[in-house]
Amino acid sequence: MCGIVGYLGGRDVYDILIKGLHRLEYRGYDSAGVALETPEGKLNVYKAMGKVSNLEAFCRDKDLRASVGIAHTRWATHGEPSDNNAHPHYSEDGNLALVHNGTIENYKVLKDALMQHGVSFHTETDTEVLVQLIEYIKLTNGCTLIEAVREALGQVQGAYAIAVLEKGHPEQIVAARKSSPLVIGIGEDEFFLASDATPFVEYTKEAVYVKDDEIAVMRRGEPLRLLNLKNEETTVDVTELNLSISQLEKGGYPHFMLKEIFEQPATLHDCLRGRVVEHGRRIVLAGVMDNEDKFRAAKRIVIVACGTSWHAGLLGKYLIQELCHLPVEVEYASEFRYNNPVIGPDDIVIAISQSGETADTLAAIQIARQKGAFVYGISNVVGSSIPRETHSGTYIHVGPEIGVASTKAFTGQVLVLTLLALAVGHLRGTVSDQQVAELGGWILRLPTLVKEVLKLDKKIKHLSAIYTYARNFLYLGRGYNYPTALEGALKLKEISYIHAEGYPAAEMKHGPIALIDADMPSVIVAPSDHLYDKIVSNVQQVKARGGSIIAIVSKGDTEISKIADHVLEVPVVPECLTPIITSIPMQLLSYYIAINKGKDVDMPRNLAKSVTVE
Ligand code: G6P
Numbered sequence: 005m006c007g008i009v010g011y012l013g014g015r016d017v018y019d020i021l022i023k024g025l026h027r028l029e030y031r032g033y034d035s036a037g038v039a040l041e042t043p044e045g046k047l048n049v050y051k052a053m054g055k056v057s058n059l060e061a062f063c064r065d066k067d068l069r070a071s072v073g074i075a076h077t078r079w080a081t082h083g084e085p086s087d088n089n090a091h092p093h094y095s096e097d098g099n100l101a102l103v104h105n106g107t108i109e110n111y112k113v114l115k116d117a118l119m120q121h122g123v124s125f126h127t128e129t130d131t132e133v134l135v136q137l138i139e140y141i142k143l144t145n146g147c148t149l150i151e152a153v154r155e156a157l158g159q160v161q162g163a164y165a166i167a168v169l170e171k172g173h174p175e176q177i178v179a180a181r182k183s184s185p186l187v188i189g190i191g192e193d194e195f196f197l198a199s200d201a202t203p204f205v206e207y208t209k210e211a212v213y214v215k216d217d218e219i220a221v222m223r224r225g226e227p228l229r230l231l232n233l234k235n236e237e238t239t240v241d242v243t244e245l246n247l248s249i250s251q252l253e254k255g256g257y258p259h260f261m262l263k264e265i266f267e268q269p270a271t272l273h274d275c276l277r278g279r280v281v282e283h284g285r286r287i288v289l290a291g292v293m294d295n296e297d298k299f300r301a302a303k304r305i306v307i308v309a310c311g312t313s314w315h316a317g318l319l320g321k322y323l324i325q326e327l328c329h330l331p332v333e334v335e336y337a338s339e340f341r342y343n344n345p346v347i348g349p350d351d352i353v354i355a356i357s358q359s360g361e362t363a364d365t366l367a368a369i370q371i372a373r374q375k376g377a378f379v380y381g382i383s384n385v386v387g388s389s390i391p392r393e394t395h396s397g398t399y400i401h402v403g404p405e406i407g408v409a410s411t412k413a414f415t416g417q418v419l420v421l422t423l424l425a426l427a428v429g430h431l432r433g434t435v436s437d438q439q440v441a442e443l444g445g446w447i448l449r450l451p452t453l454v455k456e457v458l459k460l461d462k463k464i465k466h467l468s469a470i471y472t473y474a475r476n477f478l479y480l481g482r483g484y485n486y487p488t489a490l491e492g493a494l495k496l497k498e499i500s501y502i503h504a505e506g507y508p509a510a511e512m513k514h515g516p517i518a519l520i521d522a523d524m525p526s527v528i529v530a531p532s533d534h535l536y537d538k539i540v541s542n543v544q545q546v547k548a549r550g551g552s553i554i555a556i557v558s559k560g561d562t563e564i565s566k567i568a569d570h571v572l573e574v575p576v577v578p579e580c581l582t583p584i585i586t587s588i589p590m591q592l593l594s595y596y597i598a599i600n601k602g603k604d605v606d607m608p609r610n611l612a613k614s615v616t617v618e
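Pasting the structure below:
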């Protein structure tokens, strides 16, 4: 969701910005633009609705010379997607150009005040208010750009990551952040700026994550300066990036999503590395070990997350309740933050987020901290905001996930939650050494078992052709596979735009059963578990109403295989590990149906990978 790129240095500025925008495409956007300042200090802005390739086509005959530049992909919030509303935005006299990620909540009040002072506006965006405000302050106070930015940010409520160029200053970028990500890459006599490190990973491994309320001043030939809103210098913490360029490429697959589905044996292996030791007899989760007293004393766990991460959270509830005998609540972060949550020092709040930047999850964390809870983060992106805002946590280490629809991050999150439940259960005495050894052994085999599941690829591809034109789908499961069914349905709707609903199988008879007919297929997730016999009767109820059934069952299944129209067999694993195994056929089914429909699976319409606004 909105991407920022900036570059100051001796390379081809336009080329770096465009490549960077392409890298950030996965975040989701609907228009793009670039501001280039020529060595003589002329400030040019070019913008185009649609893909970055449209911007490139638009720029073909333009003056692309530059010593410094900033660029942006916009995901519309205030004002429709259009050339005009795209960033960068000029200030009234054209002396400043600004890109912004986030939302300015009090933009209306600020805009009215500026209009009263004679400033006119040319777009519907909240961002234009910010650039006009900065210019207005600069002109009225006769101050420098840095002072004007600082003063303007003091008046702004909301979330922002910004970068500003000033006409006549081709040696400088001024940037700032609050609640929206921004990272600076430091090279030899050059600076990179971006929403995440992917645009500059091939140029430098030295990164500085800008913190909330910090203003960054990048000047050619000078070291990076960071200032807080009180104009005090803050420390520049340089982090070594652990990201390689090959992780950001498709590696021979037609889409990132397919690559990421097939990477899962390797990503689960990476996620496990060093955490399940002594042949499965011991779970080593530093975040839990460092906070044993907290996990021992906890009276309740509250999980907050959004989207796919919320589904992983729901699985976390089943795992923690079974293995730790602790009550668990799972909340959408967006609801939790406004629901007067009753949280206190006896609670542990677990925040789950692939990107580590989801605005609602970040806000939920802040509330939980204010109320005295211990907050534990489960995230994928090292150095992102959520790991920094939480007291402790665990990275899932599945590598960059580029496809907007989450796949390998979901299985990584579920695996970390499984390890956490086992480690905490062992600590609290609800899981024996023998149980750890038994489940630990199975967990170590998961990468191999997932490889086995991926062999269903051809069968699922074939099957997808039969269901490409279905208009509705029902996904049913019970127990551990109820959240899996929810996730299966979400995957399908995200990328194929087919309406799909996930439901606890037994609840179907309280409503959705009315929808079932020959045109509404059901995917039923029914591995051999303690609810198997129960789900058999749910399957019969669907069949009796003429619905067709795709069943995901354990190898050797007899009952459901007789009733279902199509059967996908997965390896037998202990009940609490089934979600990792059963979710994979559903990922493939969604992928192939979307491909058959000619959809853009990696960048589905309207969706964003990193949801940095409310
Ligand atoms: C967006 C993405 C989803 C993701 C959700 C939560 O909606 O498209 O794939 O599950 O945000 O993101 P997070 O980064 O917090 O896991």
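For the sequence shown, my numbering assigns the number 5 to the initial residue and increments by one for each residue that follows.
Virtual Cβ for every residue (Gly too), placed ideally from N, Cα, C.
Distance between beta carbons of V574 and P531, contact taken as under 8 Å: As a first step, residue 531 must be located in the sequence shown, where it is residue number 527. As a first step, residue 574 must be located in the sequence shown, where it is residue number 570. Confirmed, Cβ separation roughly 7 Å.
Using a threshold of 7 Å, is the CB atom of K613 nearer than that to any non-hydrogen atom of ligand 1? Position 609 of the sequence shown, counted from the start, is the residue given in the question as residue 613. Under cutoff, so the answer is yes.
For S250, count neighbouring C-beta atoms within 10 Å of its own C-beta (all shown protein chains included) and say buried if the count is 16 or more, exposed if not. As a first step, residue 250 is located in the sequence shown; it is residue number 246 there, counting from the start. Burial call: exposed.
Across which residues does DSSP place P508 in a beta bridge pair? As a working note, residue 508 is residue 504 in the sequence shown. Answer by DSSP bridge pairing, in chain order: G481.
Note down the Cα distance separating N58 from L272, rounded to an integer number of angstroms. Residue numbering aside, residue 58 sits at position 54 when the sequence shown is read from its first letter. Residue numbering aside, residue 272 sits at position 268 when the sequence shown is read from its first letter. Rounded to whole angstroms, N58 to L272 spans 38 Å at the Cα level.
Between V408 and ligand 1, is the CB less than 7 Å from at least one heavy atom? As a first step, residue 408 must be located in the sequence shown, where it is residue number 404. Correct: V408 has its Cβ closer than 7 Å to ligand 1.
Excluding five sequence neighbours on each side, which residues of the same chain lie with their C-beta closer than 8 Å to the C-beta of G225? Working through the sequence shown from its first residue, we reach residue 225 at position 221. Within the same chain, G225 has close Cβ partners E175, D193.
Mind listing, in chain order, the continuous alpha helix (DSSP H) runs of no fewer than 4 residues lying wholly within the stretch 524-612? Counting whole runs of 4 or more residues, the stretch 524-612 contains the alpha helix (DSSP H) stretches 536-548, 563-567, 582-600.
Proximity below 8 Å, CB of N384 to CB of A427: On the sequence shown, residue 384 is found 380 positions in, with the first residue counted as 1. On the sequence shown, residue 427 is found 423 positions in, with the first residue counted as 1. Not in contact: N384 and A427 (Cβ atoms no closer than 8 Å).
Decide if the stretch 122-129 is in contact with the stretch 83-97; the criterion is three or more beta carbon pairs, one per stretch, under 8 Å apart. Output reads yes: the stretch 83-97 touches the stretch 122-129.
Give me the Cα-Cα distance between H82 and A377, rounded to the nearest whole angstrom. Within the sequence shown, residue 82 is the residue found at index 78, counting from 1. Within the sequence shown, residue 377 is the residue found at index 373, counting from 1. Near 35 Å, if we compare the C-alpha coordinates of A377 and H82.
Bridge partner(s) assigned by DSSP for L231: Working through the sequence shown from its first residue, we reach residue 231 at position 227. Per DSSP, I219, E237.
Could you give the residue range of the beta strand (DSSP E) that holds V332? Reading the sequence shown from its first residue, position 328 is the one you call residue 332. That run of the beta strand (DSSP E) goes 332-336.
Buried or exposed for D297, please, with buried defined as at least 16 other CB atoms from any protein chain shown within 10 angstroms of its CB. Position 293 of the sequence shown, counted from the start, is the residue given in the question as residue 297. By the 10 Å Cβ count, D297 comes out exposed.
Proximity below 8 Å, CB of I356 to CB of G317: To locate residue 356, count along the sequence shown from 1; it is residue 352. To locate residue 317, count along the sequence shown from 1; it is residue 313. Contact flag set, yes.
Between D351 and V306, how many whole angstroms is the CB-CB distance? I'm expecting something under 8 Å. Position 347 of the sequence shown, counting from 1, holds the residue named residue 351. Position 302 of the sequence shown, counting from 1, holds the residue named residue 306. Contact flag correct, Cβ pair sits at about 6 Å.
Compute the minimum distance between the beta carbon of T271 and the heavy atoms of ligand 1, and state whether it is under 7 Å. Numbered from its first residue, the sequence shown carries residue 271 at position 267. It does not: the Cβ of T271 is nowhere closer than 7 Å to a heavy atom of ligand 1.
Check: S357 C-beta below 7 Å from any heavy atom of ligand 1: Against the sequence shown, residue 357 aligns to sequence position 353. For ligand 1, at least one heavy atom lies less than 7 Å from the Cβ of S357.
In three-state terms, what does DSSP make of Y213? As a first step, residue 213 must be located in the sequence shown, where it is residue number 209. Note: Y213 maps to strand in three-state DSSP.
Return yes when the Cβ of I382 is within less than 8 Å of the Cβ of Q591, no when it is not. What you label residue 591 is simply residue 587 of the sequence shown in a count that begins at 1. What you label residue 382 is simply residue 378 of the sequence shown in a count that begins at 1. In this structure, I382 does not lie closer than 8 Å to Q591 by Cβ.
Where DSSP assigns a beta bridge to R286, which residues make up the other side? Against the sequence shown, residue 286 aligns to sequence position 282. Its beta-bridge partners are V281.
Is N384 helix, strand or coil when you go by DSSP? For the purposes of this step, residue 384 is identified with residue 380 of the sequence shown, where counting begins at 1. Residue state, collapsed to three classes: coil.
Taking only heavy atoms of ligand 1 into account, decide whether any of them is closer than 7 Å to the Cβ of G106. Within the sequence shown, residue 106 is the residue found at index 102, counting from 1. It does not: the Cβ of G106 is nowhere closer than 7 Å to a heavy atom of ligand 1.
Relative to the C-alpha of N232, which residue among Y501, P487, G158, Y536 is closest? If you number the sequence shown from 1, residue 232 lands on position 228. Among Y501, P487, G158, Y536, the Cα nearest to that of N232 is on G158.
Length of the line joining the Cα atoms of F125 and H26: Within the sequence shown, the letter at position 121 stands for residue 125. Within the sequence shown, the letter at position 22 stands for residue 26. When rounded, the distance between both Cα atoms is 30 Å.
Whole angstroms is fine: what's the gap from A372's alpha carbon to Y380's? Here residue 372 refers to the residue found at position 368 when the sequence shown is read from its first residue. Here residue 380 refers to the residue found at position 376 when the sequence shown is read from its first residue. Straight-line Cα distance between these residues: approximately 10 Å.
Residues that DSSP places opposite M53 in a beta bridge: Position 49 of the sequence shown, counted from the start, is the residue given in the question as residue 53. In DSSP, M53 forms a bridge with S35.
Could you give the residue range of the beta strand (DSSP E) that holds G255? Indexing the sequence shown from 1 puts residue 255 at position 251. Where G255 is concerned, there is no enclosing beta strand (DSSP E), given that its DSSP letter is neither H nor E.
Nearest-angstrom Cβ-Cβ length linking D606 and I400, presumed shorter than 8 Å: Against the sequence shown, residue 606 aligns to sequence position 602. Against the sequence shown, residue 400 aligns to sequence position 396. Not quite, the Cβ-Cβ distance comes to about 20 Å (not below 8 Å), so this is no contact.
Go through its chain and collect everything with a Cβ distance to K464's Cβ below 8 Å, but skip five positions before and after it. By 1-based counting over the sequence shown, the position of residue 464 is 460. Note that residue 464 is Ile in the sequence shown, not Lys. Within the same chain, I464 has close Cβ partners L572, P589, L592, L593, Y596.
Taking just the CA atoms, how far does V457 sit from G278? Stepping through the sequence shown from its first residue, residue 278 is reached at position 274. Stepping through the sequence shown from its first residue, residue 457 is reached at position 453. When rounded, the distance between both Cα atoms is 24 Å.
Looking at ligand 1, does it come within less than 7 Å of G397, judged from the CB to the closest heavy atom? Within the sequence shown, residue 397 is the residue found at index 393, counting from 1. Result no, Cβ not under 7 Å from ligand 1.
Work out the CA separation of P85 and G54 for me, nearest whole Å. For the purposes of this step, residue 54 is taken as the residue at position 50 of the sequence shown. For the purposes of this step, residue 85 is taken as the residue at position 81 of the sequence shown. Taking the straight line joining both Cα atoms gives about 8 Å.
Output needed for S558: all residues of its chain with C-beta closer than 6 Å, excluding positions within five of it in sequence on either side, in chain order. If you number the sequence shown from 1, residue 558 lands on position 554. Contacts found: P531, S532, V576.
Can you tell me whether D561 is buried or exposed, with buried defined as 16 or more other CB within 10 angstroms of its CB? For the purposes of this step, residue 561 is taken as residue 557 along the sequence shown, with counting starting at 1. Taking every protein chain shown into account, the CB of D561 has 16 or more other CB atoms within 10 angstroms, so this residue is buried.
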